[in-house]
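What follows is a short report on a single structure.
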Amino acid sequence: MSSTIVKITEIEVEMARTKKNMATAHHLGLFKSHLAKLLREFITPKGGGGGGPGAEYQLQLK
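In terms of the numbering used here, the sequence shown opens at residue 25 and continues consecutively.
As structure tokens, then:
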């Protein structure tokens, strides 16, 4: 399992365990934002290494 999936499940468990009331609303909001960030990272693949230059141009010395 990747670390992102582990973090997502840990946050979901913590959110399920936390009582929902006025005192914990901010705490749950932080969990939701962190969860959304992790889900976005998991769904969208990271960019490649750039691939380097396109065509190579070499000078021929005489």
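Glycine included, C-beta positions come from ideal geometry on N, C-alpha and C. As the structure is a prediction and not an experimental result, all values here were calculated from the model.
- Query: Can you tell me whether DSSP reads Thr48 as helix, strand or coil?
  - Reply: In the structure shown, Thr48 sits in a helix (DSSP, three-state: H, G or I).
- Message: Rounded to whole angstroms, what is the Cα-Cα separation between Phe46 and Lys61?
- Response: Just to set this straight, residue 46 is Met in the shown sequence, not Phe. Whole-angstrom Cα-Cα distance: 24 Å.
- Query: DSSP on Leu63, reduced to helix/strand/coil?
  - Reply: Residue state, collapsed to three classes: helix.
- Would you please state the rounded distance, in angstroms, between the beta carbons of Leu52 and Thr42? I believe it to be under 8 Å. 6 Å
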